[in-house]
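Colleague: Oh and the sequence shown: position 357 is 356 in numbering that gives the first Met the number 0, straight run, nothing missing. Just so it is clear, CB atoms sit at the ideal spot from N, CA and C, and this is done for glycine as well.
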Amino acid sequence: MVSHPCTADEVKPPSEGRLAKFENGKLIVPDNLIVAYFKGDGIGPEIVESAKRVLDAAVDKAYGGSRRIVWWEVTAGEEAQKECNSLLPDGTLQAFKMARVNLKGPLTTPVGGGFRSLNVTLRMVLDLYSNVRPVKWYGQPTPHCHPEKIDWVIFRENTEDVYAGIEWQFDSAEAQKLRDFLKKELGIELTPDTGIGIKPISKWRTQRHVRRAMEWAIRNGYKHVTIMHKGNIMKYTEGAFRQWAYDLILSEFRDYVVTEDEVNTKYGGKTPEGKIIVNDRIADNMMQQIITRPGDYNVIVTPNLNGDYISDEANALVGGIGMAAGLDMGDGVAVAEPVHGSAPKYAGKNVINPTAEILSGMYLLSDFVGWSEVRLLVEYAVRQAIAHKQVTYDLAREMGGITPISTTEYTDVLVGYIRHADLKALKGQ
Numbered sequence: 000m001v002s003h004p005c006t007a008d009e010v011k012p013p014s015e016g017r018l019a020k021f022e023n024g025k026l027i028v029p030d031n032l033i034v035a036y037f038k039g040d041g042i043g044p045e046i047v048e049s050a051k052r053v054l055d056a057a058v059d060k061a062y063g064g065s066r067r068i069v070w071w072e073v074t075a076g077e078e079a080q081k082e083c084n085s086l087l088p089d090g091t092l093q094a095f096k097m098a099r100v101n102l103k104g105p106l107t108t109p110v111g112g113g114f115r116s117l118n119v120t121l122r123m124v125l126d127l128y129s130n131v132r133p134v135k136w137y138g139q140p141t142p143h144c145h146p147e148k149i150d151w152v153i154f155r156e157n158t159e160d161v162y163a164g165i166e167w168q169f170d171s172a173e174a175q176k177l178r179d180f181l182k183k184e185l186g187i188e189l190t191p192d193t194g195i196g197i198k199p200i201s202k203w204r205t206q207r208h209v210r211r212a213m214e215w216a217i218r219n220g221y222k223h224v225t226i227m228h229k230g231n232i233m234k235y236t237e238g239a240f241r242q243w244a245y246d247l248i249l250s251e252f253r254d255y256v257v258t259e260d261e262v263n264t265k266y267g268g269k270t271p272e273g274k275i276i277v278n279d280r281i282a283d284n285m286m287q288q289i290i291t292r293p294g295d296y297n298v299i300v301t302p303n304l305n306g307d308y309i310s311d312e313a314n315a316l317v318g319g320i321g322m323a324a325g326l327d328m329g330d331g332v333a334v335a336e337p338v339h340g341s342a343p344k345y346a347g348k349n350v351i352n353p354t355a356e357i358l359s360g361m362y363l364l365s366d367f368v369g370w371s372e373v374r375l376l377v378e379y380a381v382r383q384a385i386a387h388k389q390v391t392y393d394l395a396r397e398m399g400g401i402t403p404i405s406t407t408e409y410t411d412v413l414v415g416y417i418r419h420a421d422l423k424a425l426k427g428q
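(1) If you draw a straight line from the alpha carbon of residue 391 to that of residue 341, how long is it in whole angstroms?
(2) Note down, one range per segment and in chain order, each alpha helix (DSSP H) of at least 4 residues found wholly within the region 264-346.
(3) Once the 5 residues before and after residue 331 are set aside, which same chain residues still bring their CB inside 7 Å of it?
(4) Below 7 Å CB to CB, which residues in the same chain sit around residue 328 once its five sequence neighbours on both sides are set aside?
(5) Can you grab the Cα-Cα spacing for the pair residue 67 / residue 335, in whole Å?
(6) Leaving aside the five residues before and after residue 415 along the sequence, list all residues of the same chain whose C-beta is less than 6 Å from its C-beta, in chain order.
(7) Between residue 168 and residue 138, is the Cβ-Cβ spacing less than 8 Å?
(8) Measure the alpha-carbon distance for residue 19 versus residue 33 and round it to whole angstroms.
(9) On the criterion of 16 or more Cβ atoms from any shown chain inside 10 Å, does residue 322 qualify as buried, or is it exposed?
(10) Select from 206, 277, 235 the residue whose C-alpha is nearest the C-alpha of residue 158.
(11) Classify residue 424: buried if its beta carbon has 16 or more other beta carbons within 10 angstroms, exposed otherwise.
(12) Kindly list the residues whose CB is nearer than 6 Å to the CB of residue 69, restricted to its own chain and excluding five residues on each side of it in sequence; keep chain order.
(13) Residue 7 and residue 59 look like a contact to me (Cβ under 8 Å); what is the Cβ gap, rounded to whole Å?
(14) Closer than 6 Å by C-beta to residue 162: which residues in its own chain qualify, once you throw out the five before and the five after it? Chain order, please.
(15) From the DSSP output, in three-state form, read off residue 196 for me.
(16) Determine the direct distance from the alpha carbon of residue 350 to that of residue 78, and round the result to whole angstroms.
(17) According to the Cβ coordinates, are residue 196 and residue 105 closer than 8 Å?
(18) Tell me whether residue 268 is buried or exposed, calling it buried when 16 or more other Cβ atoms sit within 10 Å of its Cβ.
(19) What does DSSP give as the partner residues of residue 67 in its beta bridges?
(20) Go through the region 73-119 residue by residue and report every complete run of the beta strand (DSSP E) that reaches 3 residues or more, in order.
(21) Just mark residue 359 as buried or exposed, buried being the case when its beta carbon has 16 or more other beta carbons within 10 Å.
(22) Please report the Cβ distance between residue 355 and residue 101, rounded to the nearest whole angstrom; I am assuming they are in contact, meaning their Cβ atoms lie under 8 Å.
(23) Going by other Cβ atoms of all chains shown within 10 Å of its Cβ, with 16 needed for buried, is residue 237 buried or exposed?
(24) In this structure, does DSSP put residue 153 in helix, strand or coil?
(25) Could you spell out the range, first to last residue, of the alpha helix (DSSP H) harbouring residue 129?
(26) Which whole runs of the beta strand (DSSP E) in the region 153-233 are 3 residues long or more, in chain order?
(27) Alpha carbons only, please: which of 28, 29, 54 is nearest the one belonging to residue 379?
(28) Could you please give the first and the last residue of the uninterrupted alpha helix (DSSP H) stretch that includes residue 22?
(29) With which residues is residue 258 paired in a DSSP beta bridge?
(30) Rounded to the nearest angstrom, how far is the Cβ of residue 47 from that of residue 3, given a contact under 8 Å?
(31) Can you find the residues in the same chain that come closer than 6 Å, C-beta to C-beta, to residue 420, ignoring five residues on each side of it along the sequence?
(32) By DSSP's criteria, residue 25 is part of a beta bridge. Which residues make up the other side?
(33) Quick check on this structure: which residue in 61, 184, 239, 357 has the alpha carbon closest to the alpha carbon of residue 50?
(34) Thinking C-alpha only, which one of 235, 255, 24, 251 is nearest residue 222?
(35) So, are the CB atoms of residue 57 and residue 404 less than 8 Å apart?
(36) Within 10 angstroms of its Cβ, does residue 23 collect 16 or more other Cβ (buried), or is it exposed?
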């Protein structure tokens, strides 16, 4: 049995690798990079093992041994509870802080019972303020009639809004104090059965999040950045989010962008060459726009709750959560995680689709670490597997008439495509 560090003073990274560093706002990445990870609960051990194999194959193919991942296993979830008497041990948090480059399996947070989401806790402790959810079509079955137009990256703010968890049960003493205060000081009267939640959105946290979204858009050559908000109703939170986003973009990225209004009033409706169009959409309209006009959007930057809703809708349009990647980023630290949960009823059955975990790790290496060739290889392998109908049951049942393969067989298929890929040709596409 692997012995994991339970306390911070027990943490010791693998001697054969080196830790990434963060200096002067830049991540410094060694060639023998330590990546900390935990398997998590339910299907976690299966899909994390799959992701490790695929990512190792891609790094080896891309760099021929000159770069490699040194995996550092820690623990969280049910295994950690048994081993460390904690669902999220201090040793794991310390390891993730030290490694900076991290991969996690899904965690199960009990409903009720006083437990806060372990995923939310991890994001808060590491200050992972941008939740990045890329949405792409790789040829899988989809309910959208034009999935080839879908290439979105949803930037969801991770630390504020309703997910800050500032709320009180209706019959608590705190809720009563707040109701009394609102009535006495502000003339707002609530009924005694009213629970209260607070929705904080700040300028500083909004703008650091928007900065990340703009950097991603520029780095990946995207043509559209859209601010999604409900500012027509929540004027001083989501309306402020919209304004602060524009302020940041037009002050720090003016050379790269043109607003939608400027395109229409100054350029006759035609975007100047090489410029990114920046616009904003009301949240409910945005939910329709990605269905009716998918090709008009790329990077969509949102407060927390809006991002939660639209990312799930978006992933449903390209095959569901088995394909849904996620990456949480802060300043010099990131954690890759699939959007889906731990699916305990499928644990140990070797049938689950590991693509979401694989793609999450891929974005960790390609867009956070900067090993861009990894994305070329992994995306190629996923496309080939789907094109040849070598898929797990969730996609096979939608394709019809094919026999699904197991999680490990699918992993073998991806590794095979990576090893035989023509990287030079992929770079030329």
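Modeller: Taking the coordinates as given:
(1) For residue 391 and residue 341, the distance between alpha carbons rounds to 17 Å.
(2) Runs of the alpha helix (DSSP H) inside the region 264-346: 282-291, 303-315.
(3) Apart from the 5 residues on each side of it in sequence, residue 331 sits with its Cβ closer than 7 Å to the Cβ of 21, 26, 99 in its chain, given in chain order.
(4) Excluding sequence neighbours, residue 328 sits near 127, 129, 131, 211, 367.
(5) Those two C-alpha atoms are separated by around 18 Å.
(6) Nothing meets the Cβ criterion.
(7) The answer is no: Cβ separation not under 8 Å.
(8) If you take the alpha carbons of residue 19 and residue 33, they lie about 7 Å apart.
(9) Burial of residue 322 is indicated by the presence of at least 16 other C-beta atoms within 10 angstroms of its C-beta.
(10) Ranking 206, 277, 235 by Cα distance to residue 158 puts 206 first.
(11) Result: exposed.
(12) Once the five neighbours on either side are set aside, the close Cβ partners of residue 69 are 13, 15, 16, 31, 33.
(13) At roughly 33 Å, the Cβ-Cβ gap does not stay under 8 Å, so residue 7 and residue 59 are not in contact.
(14) Within the same chain, residue 162 has close Cβ partners 303.
(15) Here residue 196 sits in strand by DSSP.
(16) One alpha carbon belongs to residue 78, the other to residue 350, and they sit about 22 Å apart.
(17) It is not a contact, given that the beta carbons lie outside the stated cut-off.
(18) Exposed, because fewer than 16 other Cβ atoms sit within 10 Å of the Cβ of residue 268.
(19) Per DSSP, the beta-bridge partners of residue 67 are 31.
(20) Runs of the beta strand (DSSP E) lying entirely within the region 73-119, each at least 3 residues long, are 100-103 in chain order.
(21) Of the residues assessed, residue 359 falls on the buried side of the cut-off, its CB having 16 or more other CB atoms within 10 angstroms.
(22) Their Cβ separation, rounded to whole angstroms, is 16 Å, which puts residue 355 and residue 101 out of contact at 8 Å.
(23) Residue 237 should be labelled buried.
(24) In the structure shown, residue 153 sits in a strand (DSSP, three-state: E or B).
(25) Taken as a continuous stretch (DSSP letters only), residue 129 belongs to no alpha helix (DSSP H), being part of the beta strand (DSSP E) at 129-135.
(26) The region 153-233 contains these whole beta strand (DSSP E) runs: 223-228.
(27) Of 28, 29, 54, the residue nearest in Cα terms is 54.
(28) DSSP places residue 22 in no alpha helix (DSSP H) but in the uninterrupted beta strand (DSSP E) bounded by 20-22.
(29) DSSP lists 277 as partners of residue 258.
(30) Approximately 14 Å separates the beta-carbon atoms of residue 47 and residue 3; this is outside 8 Å, ruling out the contact.
(31) The answer, listed in chain order, is 376, 379.
(32) Beta-bridge pairing links residue 25 to 22.
(33) It is 357.
(34) The option with the nearest alpha carbon to residue 222 is 255.
(35) Contact: no.
(36) With fewer than 16 Cβ atoms within 10 Å of its Cβ, residue 23 is classed as exposed.
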